[in-house]
Structure formats: C-alpha cells, structure tokens
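J.: Its first residue numbered 5, the sequence shown is counted upward by one per residue in the numbering used here.
Where is the CB? At the ideal position from N, CA and C, for every residue including glycine.
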Amino acid sequence: MKKEKLRAIFQAGYNRENWIRTLHYIVDNKDLLTVLLSPKEISLDTQRQNKIAQSITQLGEIKTRDGERLPIYEIKIHDATRIERKRVAVNQLIKDLIKKEAFSGALATFHNEDHIQEWRFSFISKKAGSDFFAEAEGQETQAKRYTYIFGTNEKHHTAVERFQILHQSYLKLDDFFEAFNVEPISESFFKGYKEHFLKFVQFLSGDELKRGKWVSNENNRAKDKNGITYFDSIFFLEKYKKRPITDEEKKDLVKKDIRDFIKRLLGRLIFLYFIQKKKWLGSSDNEYKDGNLDFINQKLFEGDKKNQGNFYSKWLSPLFFDTLNNGNRHNDEFLLPDGQKVCIPFLNGGLFDESQEPKGHETIDFPTSFFEKLFEFFNSVNFTVYENSPEDHTVAVDPEMLGNIFENLLEDNNAKGAFYTPKEIVQYMTQECLIEYLNTHFEQYNQEDFTKLIKHHQTDSFSHKDLEKVIDSIDKVKICDPAIGSGAFPMGLLQEIFHLKSFILESLGKEVDPVEIKENIIEKSIYGVDIEEGAVDIARLRFWLSLVVDEQKPVPLPNLDYKIVRGDSLTNRYALDESIENVFRQINKKRNEPLTLEGYKQMVHDFLHESDHEKKKEFKQTIEEIKSAFKLELNKNEIQKIADARGALFNLEQVDMFGKQKGKKADIKKAKDKLKKLEANKKDTESAKVHQNALEWRFEFPNLLDEDGNFEGFDIVIGNPPYIQLQKLDKVYTKGLEGQGFETFARTGDIYCLFYERGNQILKENGTLSYITSNKWMRAGYGKATRDYFLKNTLISQLIDFGDADIFKNATTYTNILQFKKENKNEKQPFVCDLSHKFNPKKSLVEHLKQSKSFTSDFSQEGFLIVEKMKQKLKEQIEKIGKPLRDWGVEINRGILTGFNEAFIIDEETKNRLIEEDRSAEEVIKPLLRGRDIKRYKNESQNLWIINTHNGLKSKDTPPIDIEQYPSLKAYLDQNYSQLKNRGDKGITPYNLRNCAYLEDFEKEKIMWAEIVYDSAFIYDTQGYYPEATSFIMTGEALPYLTAVLNSKPATFFFKNFYSGGDLRGNTFRYKKAYLERLPIPEADESEKKVLGILVDYIQFLYKEKEPINEYVPNSHIAELFEEVIDGLVFELYFKKVFKLVNITFLKYAERDYPSLEGIEETKQKKEIIHNAYQKLREKDNEVRNNLVLMKIDLKELLMPILTHK
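(1) Please report the distance separating the alpha-carbon of H161 from that of K303.
(2) In angstroms, rounded to a whole number, what distance separates the CA positions of R52 and F588?
(3) DSSP on A150, reduced to helix/strand/coil?
(4) Which residues share a DSSP beta bridge with M405?
(5) Using only the alpha-carbon positions, how far apart do I1197 and S108 sit?
(6) Using only CA atoms, which one of Y1029, Y29, Q1027, F1135 lies nearest to A1048?
(7) By Cβ distance, which residues of its chain are closer than 6 Å to Y150, with the 5 residues on each side in sequence left out?
(8) I need the straight-line Cα distance from K930 to K1008, nearest angstrom please.
(9) By alpha-carbon positions, which one of Y424, G603, N1061 ends up nearest to I409?
(10) Identify which residue in E523, G807, S173 has its Cα closest to the Cα of C837.
(11) With H, G and I counted as helix, E and B as strand and the rest as coil, what does DSSP make of S1160?
(12) Determine the contact status of G651 and R783, defining contact as a CB-CB distance below 9 Å.
(13) What is the rounded straight-line gap between the Cα of S801 and the Cα of F824?
(14) Report buried or exposed for M1204, applying the criterion of at least 16 other Cβ atoms within 10 angstroms of its Cβ.
(15) Please confirm if the segment 1091–1104 is in contact with the segment 892–909, defined as three or more CB-CB distances below 8 Å between the two stretches.
(16) Mapping DSSP to helix, strand and coil, what is Y77?
(17) Do the segment 1083–1090 and the segment 1153–1171 make contact, defined as three or more Cβ pairs closer than 8 Å?
(18) Pick out whichever of E913, I1037, L973, E222 has its Cα sitting closest to the Cα of G935.
(19) Quick check on this structure: which residue in L679, N770, I249 has the alpha carbon closest to the alpha carbon of E827?
(20) Taking only three categories from DSSP, how would you classify W1013?
(21) Among the residues of its own chain, which have a CB less than 6 Å from the CB of G133, if the five just before and after it don't count?
(22) Look at the Cβ atom of T156, then the Cβ atom of Q15, and state whether they are nearer than 9 Å.
(23) Inspect the beta-carbon positions of I950 and I1023 and report whether they are closer than 9 Å.
(24) To the nearest whole angstrom, what separates the beta carbons of G491 and I542, a pair I think is in contact under 8 Å?
(25) Return the chain-ordered list of same chain residues with a C-beta closer than 7 Å to the C-beta of A12, the five sequence neighbours on each side being excluded.
(26) Out of curiosity, what's the CA-to-CA distance linking N19 and D35?
(27) Could you give the DSSP three-state label for K829: helix, strand or coil?
(28) Which same chain residues end up closer than 6 Å to G421 when comparing Cβ atoms and leaving out the 5 residues on each side of it in sequence?
(29) Measuring alpha carbon to alpha carbon, tell me which residue in K768, L40, T748 is nearest K788.
(30) Checking 9 Å against the spacing of the C-beta atoms, do A110 and Y77 come in under that value?
(31) Which of the three DSSP states is assigned to C757 in this structure?
(32) The ligand COA and I967: does the residue's C-beta get closer than 8 Å to at least one heavy atom of that ligand?
(33) Just mark S42 as buried or exposed, buried being the case when its beta carbon has 16 or more other beta carbons within 10 Å.
(34) Of the choices E21, A1021, L285, F239, whose alpha-carbon is the least far from that of S209?
(35) Following the continuous alpha helix (DSSP H) through T455, name the residue where it begins and the one where it ends.
(36) Does the distance from the CB of K55 to the CB of H28 come in under 9 Å?
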C-alpha cells in the first residue's frame, strides 16, 4: 500500500472496510491475521461501560510470530464521550475486555457517529516490549494504551512511516511496540528543535555550541539596517553598561539574554502550534470552530512571500504582542497578508507580555530560510494538546515535551543540578502524596482504601457522603514545588486530582465540568517557585495548555504571576514566624482607603482572573506597594533586633563598683557572636548579594496566611530539587545560605539537603513531603546533619533507593525517593525498598515494588540503611559480637595529595637519574603505591616514587624540606614551576607539599587500601611505601589480624551491605574512613590473632614470590586456599556459638598446623614451612579442610548468602 493511500485512510473518517484493508496490508500473512466473517458483538456488562460505549465489536485477531494473540476491537463511543477526558474509564473498559477474554493485549479503534470525523487507533498491552513474558505469577499488571489520532487533515508522517515499517517487520510483539513507541518521536523532536534553536542564537550572538560550551565569534553577529549588530543595538542594555562588572561578564549576560529571547520566541511558536490543533487561529468568526490547522505557516509565512525576510518584525511580533495579548480588538479581528479578516483570540495570562522583551526587538529580522525550515520541521511531527500519562500514550509531541526542552536547554543543567524526572516517577510520587494526604484526614479509612481510590478508582469502601467529603478535602489541598523546573510535579498532581474528582463526581451522578475543575485546582491548590525565569515561563505555559485542552472556545487565560513565581526558595530576609502586626498600619499611612490582610488576599485572588491591562497594572502596583510595606516593617524589626542585641551586650560588659564585669565570659561571648551575626546578615542583605532573589513566602502567597497573618503552610511539598555541591556555588551565596540558619547545612554538603529542610519548614503540621534527590545523604559524612534533622523533625513514610540506576537520561546520578510527614512520632515502620541492583527503566516502578523482597529500615545518625529483613538480623547480631574498628586502637588517614602528580610522582628511571645527579635526593624520594596498585594481599607496584618535599611537622619540630639543599630535585620541579605555584595544595613554597600531621605514619608498619574497589583489597605493609591520595593507611595495634578480617568474605559482605556509602557505578564501593570505622570486628584472644596474622604472612609471601613452592600448583592457587581458611576462621569468630552448636571449629587446628614465619630470614625455609602447611591442608582427614566443606552444609542458611554474594 502506497504512502498516499495510507495517508488518505488516516485523514478520512473511520470506515470499517478501509480499516480491514489496512490490517491486511500490515500483516500481509493469512496465517497471522484472522478476520471474522461475522464480527462478534461484545456485551456491555456494567453501567460504567455503557456510559462510555454504544457497542464493542470484535473484528478478528492477529497472532504475533512469538505466539501472542491480539484481538481486534471496534469500539463505537457515545457522541457526548470525549476520550481525552475519559482516559481512565476507557483504559478500564479495555482492561476489562482483555481480562475477560484472558488476552494480554489488544488492538482497538474508537470512533463516534459518522458526522464526527476524528477517530483513534490504539495498541493495548499489559507489558513493555520484551518484558511481556516476565510477569510475576499471580500479579496483576496495569494495561497501557498507545494511540494514534486519525481523521484529521494532518500529514500523519509518523503513522505512515511506522505502519510501513510494521508491514516489513517479522511481526513479533516487540515490532508492535516499536510501531507505537513515543520515545523516538520525543528524542527526534528535541534534536531537531535544538538545531533550530542554535541556528537562531548563532545569528544574533555569533556564538556556536561546541562540546557543550559556547564559543564566541563576534564576526558572525547579524546586523540591522544601519549596519549595527543586534547584539549592540538591542541586547546590550543600559542595565549592563552601568553594572560594576567586567566587559566579559557583561557580554556573557547579553548572550544569555539572547538565548532567553530565542527560547521565548520558539516557545511561543510551539504554543501556537498546540493552539492550532484547537482550530482557534484564523477562524472565520469568534465561535472558533473553523480555524486553520496550519495557520502560522500557511496563512502568515506562506501568505506573504514578499516579506518572509522580515517575518518576525512584520507578522510574529504584531501577532504575539498586539493581537494575542490585546483584548480590546473589535471582534478579535486580525488582518491576513491577503487582506482577509480572520479571528485570533485574546489569550491573556502573560505568555505574550511584551515587557519581557528588550526595547527594539520588533525590528529584528531573520533570514527567510530560518522560519521556512523551522515550520517544515514542526509540520513533520504531530502535536497533541493532551498530556500523556504512564498508562496512556498518544503517539505525538505532547505538552510535556515543553518541559523536556526546557530541562535540556537549561543553561549548564548539569552544573545547576537540574534533571527532568520521568513521567512514571512523577505519577508514583504524586499518587503516594495524595494517598498520605487523604489518609491523614480520614480516620475511618486506611491507606489501602485510598490506594484503591486514587490508583484504581475503586469506590467500594466509601459511602456517597464520604466521597463528597473526599472532594471537599482535595478542594482544600495546598501543594508547592519549591524548585518547580518545568512544572512536572504540580502538573502531575493537577492531572491526578482532576481525574479523581471527575470520577467521583460521575460516581455521585453529578455533572463534570473539566475547565471548572482544573481552574479550581490551579486557583486553590497549586503553587511553585524557581530561581530560573525560563522554568517559571514553561511551567505556566503547561498549566495554560492544560486549560486549553478542555475549552471549546478561547477564553482569557489566568494570570499565574502570584501562583508560580520566580525566586530563591532557600533564602528569605524575614522568618516565617515574624510578626506582621504593624504592616498594614504602615501601608495605610499613605492610603485614602484602608487596606487589610483580607483585602490583600482578595486582591491577589482577583488578579488571577483579571484580563484588563490597566486594571492588571493597578493591581500589580498595589500588590508591590504592599510587599514593600512588608519589607519596610520587617526591616524595622531587624534593626530593633540589632539594637536589643547591642543593649544586651552593653549590660553584660558593665563593670560593678569592684571593677568586675556583670556578665560571665561565656555569656558575653555568646552576646557578641549574636550581634556579629545579626549585623553581618543585615550587611549582606543590603549589599543584595545574598538576598537578590530572596523569596518571602508570606508576601508572595498571602492566601497561605491565617487571619492573624501567621503562615499556615502547605499540605504537600513535592519535587526534584537541584543537586549541587555547596563548595561549587558562589562563596558569598554559600555564606548567605549558612547565615539562613539551616540545621542541615554542611560546608561539604549538597544544596538538596537544604531543600529538604526548607520543604519541612513550609509544610503544615502533618503535611507530606516527597522528593527525588541524590541518595548520598543516606550514608555520606556530610549527610549526618540531614539524617539527624529527619530523625528529630519528621516521620519517614517511605524511602526507595535506586542506587545508580538510570533514572535520569544523560546524567549519572545516585537517586532515592523520600517521603515524610511533618511530625516526630517515630512509631510507624516506613515502607522501604532497595532497587539499586534491580531497577530496569523498561519495567514499571510499581512492578518493581510489587516484586521486590521484604526490606526493613535501620535509620540512625550514622546512616539510613535499607536492609533485607534477614540481613538486618545479621547486622544486629554482628554488632553485638564485634567492636567497631575505630575502638581497636587504630588511626586511619588518607594518602598524600600533591596537587600536581605529574611533577611529584616519578618513575624508576627518573628517580635513578635524580639520585645519580645528587645523592642527597635519596633522602626525599620514597616508594609509592597508588590505589590501583593495591590488591588483596598483593602489592602490584609499578616502581613509582614520590618526591616527598614535605612541609615539616610542627609537633616534632621537623622543619619543611628546603629545596635549595636538593639541587637535582629543584631543577626537575622547576620544569613545572608555574603549575606548582598555581596549585591549591602546596606548602610554604611551591616546592613543598601541603601540611600532613601524620607524616611519620607512612614509615610505620601499616595497612594500605584503595578507596574505590570492586572487592576488599587490603595489604599489610612493612616496607615503608607511601600512599597516593586515592588510598588510605591504618596504623596502630593488631594490624596483621585486622588485615585478615578486613579481607575476609564475611567482613567484606558486612561492610558492603551495612556500612559502605552504597554501591557506585560498575558495582564498585568505597572504603572511606567514616564508613570503615563503623565495621564491627570480632573480638579475639592473642592466639587467635596470631594464627590469622601467620596466614596473612603466608598469603602475602605467596603472591610476592615468583618461584612456585609446588611444581604442580601455582602460588596464587595455594594463596586462595589459605584465604578460604581465613574466611572459616573469621566466620567462627563472628558466630562462635553457632559453630559450637554444630561442632565445627578451625581455630585450634589452625594453631596446630600453621607455624609462624617470624624470625625466619631465608626464603627457602619460608617456602618449606608454607608448603608443609599446604600439604597438611590437602590431607583427606584434615579437620580444617573438612570443616570448610561441612560449614557450607550444616550452616548453609547462615553462610551461603555471604559466600555467594557478589
């Protein structure tokens, strides 16, 4: 079948004969397609089904090559039924069908009567592609629907192309998934969009994006008619000319303005492409029923061939700012290039507000080809105004794509820690928050009842009266995303609440008005904040589109200026509990008509729906006046606090008649610190460095204040806050954050920790917070303050750890979902789940959670652990038996950080040459092991050396190395002098290494290990090796014994599962000091320590000795056998009682069989001793050998999970 024929079928209304002809074309194999001669009528069994469909007919069946049966249904729906509003009900109808007939999927068409041309073709399946056959036994899987919309005049490029590919495929189930796959469309669209974006940017700024960085080329900048670049004439504004910053900084700001200008231009065009789908552009009258589906391209661009080179200035700028933003036009009239009058609606809302644009923007002109290619690209894809959900995908570009575009085009999105959250994760989190919210408000129902209601729309448990109370509760919910990004989470909640409320109203027999419901949700429930202006723009845009979907005629969009606002959620000048008692007294001094708090609330509310430009201007001026009065009054309070602090200090420093100060030293110091902090905060505030984007929650969202002006807070705080290390932020800003008084602040920490605390602060009592963030807070040292904050101030509801699973595209992150309530009664066991090794992005999160093992939580300041219940018992057991490593009389320190390894780390040849030139250099050059050179019991030295020009040791009066005493070393280091001078880690001269308080420990006997490893890898060193920065050393007592324990399988298992910082990518993990010090080491007497130390000597000798001690067996094999003995010995030390019960022991036999190498110098004698020990171990009746086998049988349940763990 040719493309034109397929396209004609897709553009026409539904016709059964044409459709069966299409199915024959797709399958092209009589054995796989069965078309029933007498189509089978399917009965509509429930009232719910009858409300949706007039009839259901089975036309036949397709059998895939891999044996799956897909029935073909034709579903005629009622004229009054709009599928986009009834998605949940339609999906349930299909689910009932395939469940009733025991199918796993289906193909279905949906059409109305003949006079309604639009129809749909859906592929429904209970699995995702190749996971189809992986369904866990006895578990119900949510059916997903993938849909093409036909019966429109569009080109249907994607459908035509995909159906032709399906025709040529092998017709396995995966081929059907590929034909309906939305992802390639989204990826392809973004790739194309970005190419056009970069072309427009380069035209104005001259910049090209190369390898993620903007490269400047001033000669490429476009010029206006006077020969001046737009860069200079329009974008280089007065505000930058007067700024006290460098010329380069000014240029960077201008370039960002240009990129933002292009983002707004293309964003507005995409919005209009969505609007075109409603037939609202170019309509013959203001009923808006016959607008042009390709208005922008066909009627404007193609309609004025002469002016295509100035399309922006001639047509787009007037369309945006004088038409779509102008409600005073007669009859919504707009004059086309051909002189025809058509109607263009007034949309309001701020999307087409010209005040965002630089003065003179309307004179900018782009080459004709830019818009020609852009519209050609836009017309090659299908747009749909309906947002997809995880269960229901329209094969087209939906409004969520705007969010994806924003997140991907965000300036330095990785540096700003912004990542786009997958839709399914958003849905899971939003649903769980609503469940928790309703469960808090209804004592007579449990969480399971609300889970069924929200996730499956099952109302069996609820009376009609209580369903009305549910509606009343969700009408009152207040929701905030403090880092809203492109609005994914509030939009997700809007969709969830909308579908839930619509369903309940239908169940109660009440009328459903989608626009009214959505407006009510936006007006009463949704709030959002973001520091990025572009994020705020896109978030507002998505909410406007959500309203447009259901409007039959254009109406002015709401103003969201005081619902989704720009600001920094983490900084505020005035505390949430600051009194505002005198604020309105201050305001009313200058007003003829007194204003109250209630009046301010009403004004902000009225502004939402105001469309008159002048009134909007008046509203804004008044609102800003009130906000200024808030600031002025609270600033007075700030000044008063400083005065009070000064007075308190003055009183404490007063001297009595005997010359003695009245206050204690500690109290005086405390008073001085308080005053210093208040004055510093005021100074920072006045300099506007810290608080330039500060968000005052009560000023911005007055409807969250009670009648006394107290901030009541939100019921739900939700989002994906940025992940940025505080050390990477501007130092002044970081200092300002510290001054905000966050309990979770840590200099080495991450900004998302502060978002957790802020989120809790703005919650109502018993409110719910849900974030997806990095999981590093769970175990990292910097997360201790955050963990402590959670334990003291919150009730954890659930914690899901994804580890390094690919949650976010194009970003390597370690993530978790955390949900908590604002209360500190830790009486409830949270739901916890570890998906770090199991998460497959192709499989639904809900399925993963259903099929996961049973986990339990182990939350403390030391770490938030998610442990399988069996493992938790094991952890409790070893912590009773063992003593933490930190209590074993040891010191752990990091290796040497040179700041420039290329100069200080040298090879053997260079070392020999330097010593040959100057014998004294030998005193300073030391043998080096890097982390990668350290293996378990093995030193794989690469003959590297470090130039140890240390910085002295004050505690021992050891002076720094004087480089002038070592001429060969100075001459060598001088080759890299500039790098040495500019490095951060240096001593008193560029030649000296940084201070190191444990310098002498490098020469001592010690344990060495790498920080990041695949498996335990400790070595006992007595040769004075120096460690490089990627490794650690341990000095102190019982080192050979500790080496054996740390390298053993039980200790490795315990550390990796209970104490490490979690797995890294590639199944590696970290032996950081803070983690390792917590590992319980089993107590042992001197003889037990000694025998394990002997085995360490054996093993390290075997790995080092090149000559085999047995001509038939490699030394490495013998060493591995002794490692097994160590495992047995350590198991027995950890579980002495259990081993005794089954009469298995190693310790007394090992002591008998393994003599010490201590005092023996000759290699030959050492080889004999070890060889004899090996031969004994091989004997059939050797107790050690036999017990190694027996323990795996008699103690299988205890030991095998540890021995087989990878």
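T.: Let me lay it out:
(1) 21 Å
(2) 54 Å
(3) Correcting the residue identity first, residue 150 is Tyr in this sequence and not Ala. Strand.
(4) DSSP output for M405 lists no bridge partner at all.
(5) 44 Å
(6) F1135
(7) F127, F184, H397
(8) 13 Å
(9) Y424
(10) G807
(11) coil
(12) no
(13) 5 Å
(14) exposed
(15) no
(16) strand
(17) no
(18) I1037
(19) N770
(20) strand
(21) Only weak support exists for where G133 lies, its pLDDT of 42 falling under 50; the value from the coordinates is given anyway. Only D178, F181 meet the Cβ criterion.
(22) yes
(23) no
(24) 7 Å
(25) none
(26) 24 Å
(27) coil
(28) Because G421 sits at a pLDDT of 48, beneath the cut-off of 50, its placement in the model cannot be relied upon, and the following sentence gives the value as read from the coordinates. P726, Y727, I728, listed in sequence order.
(29) T748
(30) yes
(31) helix
(32) Of the ligands one can find in the structure shown there are none, so the ligand COA has no counterpart to examine.
(33) exposed
(34) F239
(35) 451–460
(36) no
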